[in-house]
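Everything on this sheet refers to the single structure shown next.
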Amino acid sequence: MDFRILDASAFYAGVPFRSSSDCYTTSLVYDEIKHIKK
Numbered sequence: 025m026d027f028r029i030l031d032a033s034a035f036y037a038g039v040p041f042r043s044s045s046d047c048y049t050t051s052l053v054y055d056e057i058k059h060i061k062k
């Protein structure tokens, strides 16, 4: 099983968009980064 738990800095760096791994985060982090487009 390959997954990552991410904070907002990972999304700003583009980590989950370059990865085929499952990524998890919290609703608070999602609210902070939801403006980022793939």
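Counted the way this note's numbering counts, the sequence shown spans residues 25 to 62.
Every residue, glycine too, gets a C-beta built ideally from N, C-alpha and C.
Report the three-state DSSP secondary structure of residue i (helix, strand or coil).
i, result
"Ile57", "helix"
"Ala37", "coil"
In the DSSP assignment, what residue or residues form a beta bridge with residue i?
i, result
"Tyr48", "Ile29"
When we look at the beta-carbon of residue i and count the other beta-carbons within 10 Å, is it buried (16 or more) or exposed?
i, result
"Phe35", "buried"
Among residues of its own chain, excluding the 5 on either side of residue i, which ones have a beta-carbon nearer than 7 angstroms to its beta-carbon?
i, result
"Ser51", "none"
"Val39", "Leu30"
Looking only at its chain, what residues have a beta carbon closer than 6 angstroms to the beta carbon of residue i, apart from the 5 residues adjacent to it on each side?
i, result
"Ile60", "Phe35"
"Thr49", "Leu30"
Starting from the C-beta of residue i, find all residues in its chain whose C-beta is less than 8 angstroms away, skip the five residues before and the five after it, and write them out in chain order.
i, result
"Glu56", "Ala32"
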